[in-house]
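Here is the structure we will look at.
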Amino acid sequence: MGISTEILVIGGGATGLGVARDAALRGFKTLLVEKGDLAHGTSGRYHGLLHSGARYVVRDPRSARECYQENVILRRILPSAVEDTGGFFAALAEDPSEYVGPFVAGCREAGIPAEEISPSLALKEESLLNPKLARVFRVPDAACDSFDATHALAESIRAAGGEAWVRHKLVGLRLSNGRVTGAELENVLTGERLTVSADMVINCSGTWAGKVAALAGCEVLVTPGKGTMIAMNSRLVNTVVNRLKPPSDGDILVPVGTVAVMGTTEIVVQNPDQYTIEDDEIEVLLTEGEKLIPRFREFRVLRAWAGVRPLFKDKPSSRSTPSEASGLPLGEGDSTDSRLMSRSHSILDHATRDGVEGFISVVGGKFTTFRLMAEEALDMAGRKLSTERKCRTAEIPIDLPGKKFYTPGKRLKEIESSGNVEVICECELVTRAQVEQALRRSGSLILNDLRRDLRLGMGPCQAGFCAYRAAGLLHTLFLTAESAKKGEISALSANSAVKNLDVRATNSALLEFLQERWKGLRPVMWAANLRQLELDLNIYRDLLGADRLPTLREPEEYPTERTA
Amino acid sequence: MTLSFTPGPFAKHPYGAPEGKGESAQAHYDLIVVGAGLAGMFAGALAARRGARTLVIARGLGGTHVGAGTADVWGYRPHPPTPSPARLARSPMERGRHLVENPEAEIGHLPPNHPLALAGADILREALAQFQGLCERSAYPLQGDLQHNHFLPTALGAVRPACLAPESFIVGEVRQPGELTLARLPGFRDFYADLAVANLRTQGYAARAITLELPRTPARRDLFATDIARWFDTPTYRAEVAQQWHDKLQGVARLGLPALLGLDAAAEVWRDLSDKLGVRIFEIPILPPSVPGMRLFNVLRSAIETTGGRVTIGPSVSGWVKNGIAVGVIAETAGGARRYAAEHILLATGGFRHGGLESPAKGQVCESVFNLPVVAGPEFFAPLYWEAQPYARSGVRVNEDLHPLDAGGEVLYPNVFVIGGLLAGADRLGEGSREGIDLATSWKAVNGLNGFHG
Chain A
1 MGISTEILVI GGGATGLGVA RDAALRGFKT LLVEKGDLAH GTSGRYHGLL
51 HSGARYVVRD PRSARECYQE NVILRRILPS AVEDTGGFFA ALAEDPSEYV
101 GPFVAGCREA GIPAEEISPS LALKEESLLN PKLARVFRVP DAACDSFDAT
151 HALAESIRAA GGEAWVRHKL VGLRLSNGRV TGAELENVLT GERLTVSADM
201 VINCSGTWAG KVAALAGCEV LVTPGKGTMI AMNSRLVNTV VNRLKPPSDG
251 DILVPVGTVA VMGTTEIVVQ NPDQYTIEDD EIEVLLTEGE KLIPRFREFR
301 VLRAWAGVRP LFKDKPSSRS TPSEASGLPL GEGDSTDSRL MSRSHSILDH
351 ATRDGVEGFI SVVGGKFTTF RLMAEEALDM AGRKLSTERK CRTAEIPIDL
401 PGKKFYTPGK RLKEIESSGN VEVICECELV TRAQVEQALR RSGSLILNDL
451 RRDLRLGMGP CQAGFCAYRA AGLLHTLFLT AESAKKGEIS ALSANSAVKN
501 LDVRATNSAL LEFLQERWKG LRPVMWAANL RQLELDLNIY RDLLGADRLP
551 TLREPEEYPT ERTA
Chain B
565 MTLSFTPGPF AKHPYGAPEG KGESAQAHYD LIVVGAGLAG MFAGALAARR
615 GARTLVIARG LGGTHVGAGT ADVWGYRPHP PTPSPARLAR SPMERGRHLV
665 ENPEAEIGHL PPNHPLALAG ADILREALAQ FQGLCERSAY PLQGDLQHNH
715 FLPTALGAVR PACLAPESFI VGEVRQPGEL TLARLPGFRD FYADLAVANL
765 RTQGYAARAI TLELPRTPAR RDLFATDIAR WFDTPTYRAE VAQQWHDKLQ
815 GVARLGLPAL LGLDAAAEVW RDLSDKLGVR IFEIPILPPS VPGMRLFNVL
865 RSAIETTGGR VTIGPSVSGW VKNGIAVGVI AETAGGARRY AAEHILLATG
915 GFRHGGLESP AKGQVCESVF NLPVVAGPEF FAPLYWEAQP YARSGVRVNE
965 DLHPLDAGGE VLYPNVFVIG GLLAGADRLG EGSREGIDLA TSWKAVNGLN
1015 GFHG
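Those protein sequence lines, which keep their order, are chains A and B.
Letter 545 of the first sequence, counting from 1, is numbered 545 in the working numbering, and no numbers are missing.
Letter 329 of the second sequence, counting from 1, is numbered 893 in the working numbering, and no numbers are missing.
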């Protein structure tokens, strides 16, 4: 099977989705492919901060300016995923006072509004904060839910006439006469292969960009910088709180939805697909959390996870011993500590760089600047295709008409105003209709995707009750082959790994969902979490005997979920 | 696995609760049982029946409300604790645990510190008989014996071994002849018949699903098993159900329903409905709260209260120690701390799930009532969710009379007994040994009370 497109985008994170949207809005025939689910990689594993840029003003002024510019734009075009929490940069007595001068000057130079407020006003607004605050600045930080953002982006791509396929893995790039002319794809659920010919392939695979570039014989070195975060089971603050000091482990607390995320650590890892969350990382986050919010440790930690930043520097970085964060501006060649590596992005034209035409890589960068990266990438692609078209992404809203900012109260309101709705996940108020709709839409038979779509299983019971119900609904949908014929679950029949109705697929989906939750829980397993674990294990291993059911595969063999 | 002592978190009082001076007790009991799960309630019922002035006191309800409602003694022959991923085959029997047919044959060669080994097979057998007798007297008979496990279907269609089970469960024994017909109940979110049927068939058991509507399903709220169980307690509801379902059940050999057939009159509900429908009915345990577990709790509560014992649920409880002697418990109530003195104290507070053990930080364990020393292994959690979890063997180490021991192996309080899930050395979930341990150690402890040999 072969199809053709003008622009082929590799990677379904914020960058790839942003690039595909930009391409589609410029009128290019556009296809995006992602080997896992949308936001499966780093975009779905970040702390949820829409940077004001103030974090970077001292060391990385270009990133700072770009962040602020994009912050203003995204608030306007993506209101469904951005919550205007505002942000504080707060210095404790122990934090270096000499950082304040360069911080204030940097904000001024980057044009980022930073207003000093009294510690007492900050405490009035955020009463759980450490009362011994030395200085506090207010900046225009915001919170941005990356699951909501990536879904909105995908809808906007489709509305602009483009396509975004998940569970399609790039297995090869087609080259002819020094030019990338298309790609070889595999549907990871069915094993089916297909060929796409494209005028331009844009590599947006983030931390995995080196692997994709290598398929065209190009060398791109991306340093995977692991950052670990913990979600607290309550929204401890309503304002993003940053520590006013050089970037370091555990320097930020972000309110996102019903939780607060404490982040992050920074450790260079060898393999972005295999890393573990270490106990001492969790300990650092708790210790720093305790400084910002006294008795932080007494609050329940909901889960831990890590994302792998795509840090890029276009030459082999010579890493020796990590140097102390010095607060000095980022200079050329001082990439000894991955935290000192620029968060800025680069658009690589492989024609000038490596002599390979028809191929662009977008590397480095951060969630906040995805739109800008896309604009620059498509400007380059337009020039290369000799059809320069104007970028319109800053003006046209990402949100489709009628899309509103999501609050948990919205679901409650819907539930209370409708009939017998059967709440499947009590923690996140997910109804049976929502689960069924999401299963039909995704067509992937993977319960983990419901977590990203609906937040199913993200609450304090950690899927104890909803996993069985979701598996039951999944199987019931699957079973009704007749409804597939009627077109009701066409996505399932077209895309399904399982041609015949095999219960082992349901069992695999259930065990994989539970194992995925376990990965996030194991690093924070004490107090209430251990209690919850015993209850949940009692349900799945004892009452239901889930561990003794036949499966298609073992969860660790599952093709697109990484093993932590 | 090597077990080592973890020091308690309260440095000033390494072993034992803070001592109080000069406070007087509000009541005196022969026996105070802390914990209202199966172990605590069974011990309370046994002691009260023997005439001991008995108080069962607990922070909350116990394991009965989240269990299957069966008495499991030994269900699985586990694999070695950490199978390597390469060893995990795709067949469930390879990956999971082997089902045990004869529990008695399995418990003969346990390590000496296992709670069932501490109790011994004779005590276990007597305990099961006592428990069966108690349930029988409450018109809620449990069937089975120590040599045979029932193999019962789960709500996912796996097979679950149980030693003693209520009559309403054992019709579903998968090895018995007769196709299993499982009911879809539209509007009820806690049971998925099609999924269970598909899994049963994959394992070679004849099964199918049928849709049965529950009468009087409310239009605007979620349905809970406990609500439906209470409807089934009334004869008029059963008559309505029978009228609606009767004709749909032609040719059904065995009808499986989620476990919600009555709470207060369960045995009667099961018999009456089976008669009215002309079909053999069985129940399948579902997500908590457990209706069949609540029935067991109610049986035990009424056994305690009708023989003069008392059950108090609500206050958090800590140990009351005077001059190194355990004299009773302190209950934190809404009206302040109340002190209850007792000759004997049974700790039946359970493991982590029920608060007998607490983990204040990763890898730390402490006991919640007397701050007893706790043994725990060096590793706590397995990388895979469904593997044997090493933390499960944590608990309080005791001597052969079930008295708690200090690090040197000396008895800490000779009038304190530890029973049930608080005991170290068992992986109750992995072994399927939960109720066997609860019942056997309860019976043993109550027999060890001076002056109450009934």
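Where a beta carbon is used, it is the ideal one built from N, C-alpha and C, also for glycine.
Between the stretch 964-975 of chain B and the stretch 999-1013 of chain B there are three or more inter-stretch CB-CB distances shorter than 8 Å, so the stretches are counted as touching. Under the three-state reduction of DSSP, F367(A) is assigned to helix. The C-beta distance from G892(B) to Y904(B) rounds to 5 Å, short enough to fall under 8 Å. Nearest in C-alpha terms to L123(A), of all of L153(A), T239(A) and E109(A), is T239(A). Sixteen is the threshold: since fewer than 16 other Cβ atoms of the shown chains lie within 10 Å of the Cβ of L412(A), the residue is exposed.
Neighbourhood of F945(B) in chain A, by CB distance below 8 Å: R522 and M525, in chain order. Where M200(A) is concerned, the enclosing beta strand (DSSP E) starts and stops at R193 to N203. When rounded, the separation of the alpha-carbon atoms in D786(B) and D636(B) is 31 Å. Here the alpha carbons of R753(B) and W518(A) stand approximately 24 Å from one another.
Look at the stretch 803-823 of chain B: it has no residue with a C-beta under 9 Å from a C-beta of chain A. Under the Cβ distance rule, E428(A) does not count among the residues neighbouring chain B, no pair being separated by less than 8 Å.
Among the residues of chain A, those whose CB is under 8 Å from the CB of R917(B) are R531, E534, L535 and N538, following chain order. With contacts defined as CB atoms closer than 8 Å, L674(B) and Y468(A) fail to qualify as a contacting pair. Close partners of V630(B) in chain A (Cβ separation under 9 Å): L535, N538, I539 and L543. Within chain B, the C-beta atoms nearer than 9 Å to that of F465(A) come from D754, L851 and P852, in chain order. Assigned with DSSP and collapsed to three states, N271(A) falls in strand. Among the residues facing chain A, T766(B) is included, as its CB has a counterpart in that chain under 8 Å away.
Judged by DSSP secondary structure, D95(A) falls outside any alpha helix (DSSP H); it is assigned neither H nor E.
At least 8 Å separates the CB of G708(B) from every CB of chain A.
With distances taken between CA atoms, V268(A) lies nearest to V308(A) out of V308(A), I202(A), P294(A) and E281(A). At least one CB atom of chain B sits nearer than 8 Å to the CB of Q515(A). For the options E109(A), P460(A) and L133(A), the alpha carbon positioned closest to that of P96(A) is the one of L133(A).
A Cβ-Cβ contact shorter than 8 Å links A867(B) with L698(B). If you draw a straight line from the Cα of I845(B) to the Cα of Q707(B), it comes to about 16 Å.
In its chain, beyond the 5 residues on either side, C930 and S932 have a beta carbon closer than 6 Å to the beta carbon of E922(B). M200(A) is positioned such that its CB atom lies no closer than 8 Å to that of G16(A). P849(B) is classed as buried because its beta carbon has at least 16 other beta carbons within 10 Å across all chains shown. In this structure, G1012(B) is the residue among G1012(B), G842(B) and G626(B) with its C-alpha nearest to the C-alpha of E907(B). Going by beta carbons, A509(A) and I446(A) fall inside the 8 Å limit.
Rounded to whole angstroms, the gap between the alpha carbons of R389(A) and C204(A) is 20 Å. E115(A) sits exposed, since fewer than 16 C-beta atoms from the chains shown fall within 10 Å of its C-beta.
Using a CB distance cut-off of 8 Å, R724(B) counts as an interface residue toward chain A.
In the DSSP assignment, the residues bridged to R844(B) are R818(B). Contacts with chain A at 8 Å (Cβ-Cβ) include N763(B).
Nearest in C-alpha terms to P272(A), of all of K211(A), H168(A) and V241(A), is K211(A). For G419(A), the closest C-alpha among the options V620(B), T781(B) and R724(B) is that of T781(B).
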